[in-house]
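Protein sequence lines correspond, in order, to chains A and B. Add 2 to the 1-based position in the first sequence for the numbering used here, that's all there is to it. Add 2 to the 1-based position in the second sequence for the numbering used here, that's all there is to it. The beta-carbon is built from N, C-alpha and C at its ideal position, and this holds for glycine as well. Down below is the structure, laid out as structure tokens.
Protein chains: 2
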Amino acid sequence: MRQAGRYLQEYNETRRRAGDFITLAKTPAFATEVTLQPVERFALDAAILFSDILTIPDAMGLGLRFAENEGPKFERPVRTEADVKALSAPDPQLELGYVLDAVRSIRGALQGRVPLIGFSGSPWTLACYMVEGGGSDDFRLVKTMLYARPDLMHQLLSVNARAVTDYLNAQIRAGAQAVMLFDTWGGVLTGPAFREFSMAYMAQVVRGLDREHDGEPVPSVVFTKGGGAWLEAIADSGCDAVGLDWTQHLGLARARIGERCALQGNLDPAILLAPEAVIRSEARRVLDEFGPALNAGGTCGGHVFNLGHGISRFTPPEAVATLIDAVHGESRRLRR
Amino acid sequence: MRQAGRYLQEYNETRRRAGDFITLAKTPAFATEVTLQPVERFALDAAILFSDILTIPDAMGLGLRFAENEGPKFERPVRTEADVKALSAPDPQLELGYVLDAVRSIRGALQGRVPLIGFSGSPWTLACYMVEGGGSDDFRLVKTMLYARPDLMHQLLSVNARAVTDYLNAQIRAGAQAVMLFDTWGGVLTGPAFREFSMAYMAQVVRGLDREHDGEPVPSVVFTKGGGAWLEAIADSGCDAVGLDWTQHLGLARARIGERCALQGNLDPAILLAPEAVIRSEARRVLDEFGPALNAGGTCGGHVFNLGHGISRFTPPEAVATLIDAVHGESRRLRR
């Protein structure tokens, strides 16, 4: 999950220098600075590319803008058959070069200290923003297109799947050492609609990903927020790890998925607002729920500790330090 | 789920006459009119009390108001130890008499055509609004209280559980023939926190409910939005039916809960924005997922068709008529 952000003083300072969020996200030097900030401050085990989830639709020409204290908005949302037919997958080298430059620059700045994780929104999640024209609390427009014009929705999702695959592969070739697919809005669908309109396209993306780069494996992680009912389907995509939100029990998820995939998650980010003792006990609970790792050798089971969703801007930075310390200490205890 | 609302012309007319939402909700004659409107227009099998979910905290003196195009807000949210200690469960006869008058008036107006369902927010869901002071997308304040001061949260929830029990029993004694507990925000919690801070108090409410009135059984329904991981715990509360949101598969839920409880749900309300053929096929899918009823005789299994959440203001009324027709037709087919 996102590590940089407004809860860090140094992030706010860089953002002030950048002037606005889009400049911050689109300038490789700023993106590098901001990606490195949490790594400099905390004993993190990985860096996460600082970027926006809407880079792809922006590169498609939808006109992304951020109004202060509002979410992202598209000036030209995708609403009609003509809108869908006009879409094409951007060439990441040409139209998303700033992200690839950021990846290369971050890898240089990290100097191998920790690996770098790249990411993209899922085809369905991007479609939600593209059709709604921004955030939504009922997903009325995108669901109306899905149910009234499933043919159109499939065209849109096919373009998105192509775009996401190309984008993640370009990140991998630029130096991302693992990639995550964020299906933030898969959980607003019924089971059959999730399978047809979100899962099928995520599976297509996973199948199209480079599995290694420079002789090193590049793991992929798929995270559907609110997707607890469909973990088996997510694991079947062939991804290396399944991300879990905090409503799921890691032990039960492990029993369902077996050792096919690693599990990633799933502390409630709100726990970072609690006192130190609670952070420590909740981190221990999450690790204990997964239970001890098997001596799995070359298989892909295992647990990657993570938050179950993005970090709150109200998080005290010391809470993050406490959490990381607790996770490292407890992991060592569990492995003994 | 709510049946009356802005998607109905006649509702908007009554609301205009009432002047504002609070007057509409607090005047028994208006509440009766609006409760009956969907029953007059559609072949519904039950009426649902028109009321607000925040009547209890309003009666506790928190100062509910509705700003246009904003959600509900409390003028005096519950944030401190002193705020919590000042709370007490309202006497429904004295402080929520307008709801009980509405129940009696609606029963009179229905003249036995269909039964009347009463409802309340769950103790935890009310606590979310009381602490946040309105809606929230991160539940930061209420979760901070939960994790930092669980003792205080338990005090608050104890008062709420008492208040909800008294309120639902008063609705039953005034004539409500079934009652629903809406746990709209249980699904934002981790599993252990859900059990401790939402489920335990809903179970307390269910245990305290009158099981019959005037010689007739009064069924209770518990609905946790996003609570698919915890259906067994919900069924264990002793409720007669478990409500399901649209992300859950009714057949799998039935396999988990067995025939202990009826299931209620779970069509995605967004499907009412789709063409008629889709509404019909999705209604059939929901009924088929549950499967044929057993000849259960006196047991409480079975399926009550319902939406998986509230109806959208953009729903065309004809879509509701189509849905009801499809459900009635398909149910007869399934029962044959």
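**Asked** What runs of the beta strand (DSSP E), each 3 residues or longer, lie entirely inside the segment 240–324 of chain A?
**Response** 243–245, 264–269, 305–309
**Prompt:** Between arginine 67 of chain B and proline 74 of chain B, is the Cβ-Cβ spacing less than 9 Å?
**Reply:** yes
**Request:** Could you spell out where the alpha helix (DSSP H) holding arginine 345 of chain B opens and where it closes?
**Result:** A question about residue 345 of chain B goes unanswered here, because the residues of chain B that appear run from 3 up to 338.
**Prompt:** Cβ of alanine 243 of chain A within 8 Å of any heavy atom in the ligand SAM?
**Reply:** With respect to the ligand SAM, the structure offers nothing, as it holds no ligand at all.
**Asked** Is the segment 41–57 of chain A in contact with the segment 106–122 of chain A, if contact means three or more CB pairs nearer than 8 Å?
**Response** yes
**Message:** Strictly under 9 Å for the Cβ-Cβ distance: is lysine 145 of chain B near chain A by that measure?
**Reply:** yes
**Item:** Presumed contact (8 Å Cβ cut-off) between proline 79 of chain A and methionine 132 of chain A, rounded CB distance
**Value:** 6 Å
**Message:** Quick check for students: name the residue ranges of the alpha helix (DSSP H) that lie wholly in the segment 103–178 of chain A, counting only runs of 4 or more.
**Reply:** 125–134, 142–150, 152–176
**Prompt:** Under the three-state reduction of DSSP, which class applies to threonine 82 of chain B: helix, strand or coil?
**Reply:** coil
**Asked** Taking the Cβ atom as the reference point for each residue, do threonine 226 of chain B and aspartate 270 of chain B lie within a distance shorter than 9 Å?
**Response** no
**Prompt:** Relative to the alpha-carbon of arginine 213 of chain A, which residue among A/Leu89, A/Leu128, A/Ala172 has its alpha-carbon at the smallest distance?
**Reply:** A/Ala172
**Item:** Whole-angstrom distance between alanine 27 of chain B and alanine 370 of chain B, CA atom to CA atom
**Value:** Since the first and last residues shown for chain B are 3 and 338, residue 370 of chain B lies out of range.
**Message:** Count Cβ pairs between the segment 126–140 of chain B and the segment 228–241 of chain B that sit closer than 8 Å; are there 3 or more?
**Reply:** no
**Neighbour list for serine 314 of chain B in chain A, Cβ cutoff strictly below 9 Å** = Asp140, Arg142
**Asked** Does any residue of chain B bring its CB to less than 9 Å from the CB of phenylalanine 52 of chain A?
**Response** no
**Item:** Segment contact, 8 Å Cβ cut-off, at least three pairs: the segment 271–285 of chain B with the segment 250–262 of chain B
**Value:** no
**glycine 300 of chain B to glycine 193 of chain B span [Cα, whole Å]** = In this prediction, glycine 300 of chain B scores a pLDDT of 47, lower than 50, which makes its location untrustworthy; the coordinate-derived value is nonetheless stated afterwards. For glycine 300 of chain B and glycine 193 of chain B, the distance between alpha carbons rounds to 33 Å.
**Request:** For isoleucine 273 of chain A, go through chain B and note every residue whose CB falls closer than 9 Å to its CB, in chain order.
**Result:** Lys145, Tyr149, Thr192
**Request:** Closer than 6 Å by C-beta to isoleucine 326 of chain A: which residues in its own chain qualify, once you throw out the five before and the five after it? Chain order, please.
**Result:** Phe44, Ala45
**Message:** Since valine 306 of chain B and glutamine 266 of chain B should fall inside the 8 Å C-beta cutoff, what is the C-beta to C-beta distance between them, to a whole number of angstroms?
**Reply:** 4 Å
**Request:** Whole angstroms is fine: what's the gap from arginine 334 of chain A's alpha carbon to leucine 211 of chain A's?
**Result:** 33 Å
**Members of the segment 249–280 of chain B near chain A, C-beta cut-off 7 Å** = Thr249, Gln250, His251, Asp270, Ala272, Ile273, Leu275, Ala276, Pro277, Val280
**Message:** For phenylalanine 76 of chain B, list the residues DSSP reports as bridge partners.
**Reply:** B/Leu66
**Message:** Quick check on lysine 145 of chain A: buried or exposed, where buried means 16 or more other Cβ atoms within 10 Å of its Cβ?
**Reply:** buried
**Item:** Alpha-carbon spacing of histidine 156 of chain A relative to arginine 164 of chain A, whole angstroms
**Value:** 12 Å
**Message:** To be precise: take each residue of the segment 224–249 of chain A, compare its Cβ to all Cβ atoms of chain B, and keep it if any distance is under 8 Å. Which residues remain?
**Reply:** Gly228, Gly230, Ala231, Trp248, Thr249
**Prompt:** Per DSSP, which one or two residues make a beta bridge with aspartate 185 of chain A?
**Reply:** A/Thr226
**Request:** Measure the C-alpha to C-alpha separation of arginine 109 of chain B and glutamate 218 of chain B and round it to an integer number of angstroms.
**Result:** 15 Å
**Boundaries of the alpha helix (DSSP H) in which proline 59 of chain B is found, first to last residue** = 57–61
**Prompt:** Who does glutamate 35 of chain A pair with in a DSSP beta bridge?
**Reply:** For glutamate 35 of chain A, which the question treats as bridged, DSSP gives no partner whatsoever.
**Asked** Which residues of chain A have a Cβ atom closer than 7 Å to the Cβ of glycine 189 of chain B, listed in chain order?
**Response** Thr249
**Message:** Classify glycine 65 of chain B: buried if its beta carbon has 16 or more other beta carbons within 10 angstroms, exposed otherwise.
**Reply:** exposed
**Message:** Less than 9 Å between CB atoms is the rule here; does glutamate 284 of chain B satisfy it with respect to chain A?
**Reply:** yes
**Request:** On the DSSP bridge assignment, give the partners of glutamate 214 of chain B in chain order.
**Result:** B/Pro219
**Cutoff 9 Å: arginine 197 of chain A Cβ touching any chain B Cβ** = no
**Message:** Strictly under 9 Å for the Cβ-Cβ distance: is arginine 213 of chain A near chain B by that measure?
**Reply:** no
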